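J.: Numbering (the numbering used here), first residue to last: 41 to 256. Positions of the beta carbon are idealized from the N, C-alpha and C atoms, including for glycine. Keep in mind the model is a prediction, meaning the values are calculated, not measured. Input: one structure, supplied below.
Given below as structure tokens:
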């Protein structure tokens with residue numbers, strides 16, 4: 041039986057090596073953007089990372105780039121208010137989107153972030169894929185569904201990356217995977233493979249690097 045939305049298999053040695061080389065090269069912070077007029081020129085292949093606050097987004101970006109302080113994790117959910125652009129080699133941008141689903145930020149700030157997020161996701165022509173991070177312990181939440189619906193409307197391919205895979209037991213993980221697969225079946229923009237990762241243990245990082253390297 042072939043499961044819908046299977047876990048992506050580890051890449052071939054050749055694919056893994058291409059991903060390793062890409063991420064062992066230069067990865068530099070370019071700028072933080074608070075409005076659409078501040079976006080850099082769309083002359084590179086671009087991928088973005090989106091996820092609820094505390095999903096482990098900063099940790100994952102730091103892990104795949106092998107740089108401890110590249111993406112700054114915050115103890116206060118919702119503190120990051122900018123779209124952060126990183127130059128990944130000479131031909132790609134890696135984009136860290138503001139965390140969503142925070143509860144303690146002022147309403148006006150939340151609305152501003154949401155507007156910026158929606159404008160970016162629906163209006164960036166060189167954006168090849170969005171990686172939507174989902175906590176392996178909790179599965180897809182309603183706020184994740186809102187972002188996925190926006191990507192459906194924008195015809196933006198998104199791929200779910202499950203984080204913190206080391207924090208959950210196998211039988212619990214299977215239950216979460218069932219929930220994720222059922223929810224994703226309703227989203228036409230969802231890429232038909234999941235990536236299972238652990239920033240601490242290194243699980244799935246080579247696969248994620250290779251996927252990004254293969255987007256042209």
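Could you tell me the distance, in whole angstroms, from the CA atom of residue 197 to the CA atom of residue 190?
T.: The residue labelled residue 197 in the question sits at position 157 within the chain shown. The residue labelled residue 190 in the question sits at position 150 within the chain shown. Roughly 11 angstroms separates the two Cα atoms.
J.: Around the C-beta of residue 205, are 16 or more other C-beta atoms found within 10 angstroms, so that it is buried, or is it exposed?
T.: If you number the chain shown from 1, residue 205 lands on position 165. When all chains shown are included, residue 205 counts as buried.
J.: Taking residue 154 as the reference, which of 140, 104, 247, 165 has the closest Cα?
T.: The residue you call residue 154 lines up with position 114 of the chain shown. Checking every option, the nearest Cα to that of residue 154 belongs to 140.
J.: Pop quiz: residue 45 and residue 224 are said to be a contact at Cβ under 8 angstroms. What is the actual Cβ separation, rounded to whole angstroms?
T.: As a working mapping, residue 45 is identified with position 5 in the chain shown. As a working mapping, residue 224 is identified with position 184 in the chain shown. With 8 angstroms as the limit, residue 45 and residue 224 qualify as a contact, their Cβ atoms being about 5 angstroms apart.
J.: From residue 150 to residue 172, what does the alpha carbon distance come to, in whole angstroms?
T.: Counted from its first residue, the chain shown places residue 150 at position 110. Counted from its first residue, the chain shown places residue 172 at position 132. Rounded to the nearest angstrom, the two C-alpha atoms are 19 angstroms apart.
J.: Give me the DSSP bridge partner(s) of residue 83.
T.: The residue labelled residue 83 in the question sits at position 43 within the chain shown. None, per the DSSP bridge assignment.
J.: For residue 72, list the residues DSSP reports as bridge partners.
T.: Residue numbering aside, residue 72 sits at position 32 when the chain shown is read from its first letter. According to DSSP, which records beta bridges pairwise, residue 72 is partnered with 124.
J.: Is it buried or exposed, residue 106, if we count other Cβ atoms within 10 angstroms and call 16 or more buried?
T.: Your numbering for residue 106 matches position 66 in the chain shown. By the 10 Å Cβ count, residue 106 comes out exposed.
J.: For residue 187, collect the residues of the same chain with a Cβ closer than 7 angstroms to its Cβ; drop the 5 residues on either side in sequence, then sort them by chain order.
T.: Against the chain shown, residue 187 aligns to sequence position 147. So the qualifying residues of the chain are 90, 140, 172.
J.: Do residue 242 and residue 55 have their C-beta atoms closer together than 8 angstroms?
T.: Position 202 of the chain shown holds residue 242. Position 15 of the chain shown holds residue 55. Cβ atoms of residue 242 and residue 55: not closer than 8 angstroms.
J.: Any idea what DSSP makes of residue 235, helix, strand or coil?
T.: Taking the first residue of the chain shown as 1, we reach residue 235 at position 195. Reduced to three states, the DSSP call for residue 235 is strand.
J.: Using a 10 Å radius around the Cβ and a threshold of 16 neighbouring Cβ atoms, would you call residue 195 buried or exposed?
T.: Start at 1 with the first residue of the chain shown, and residue 195 comes out as number 155. So residue 195 counts as exposed.
J.: So residue 105 is in the beta strand (DSSP E); what residue range does that whole segment cover?
T.: For the purposes of this step, residue 105 is taken as residue 65 along the chain shown, with counting starting at 1. Taken as a continuous stretch (DSSP letters only), residue 105 belongs to no beta strand (DSSP E), being part of the alpha helix (DSSP H) at 97 to 105.
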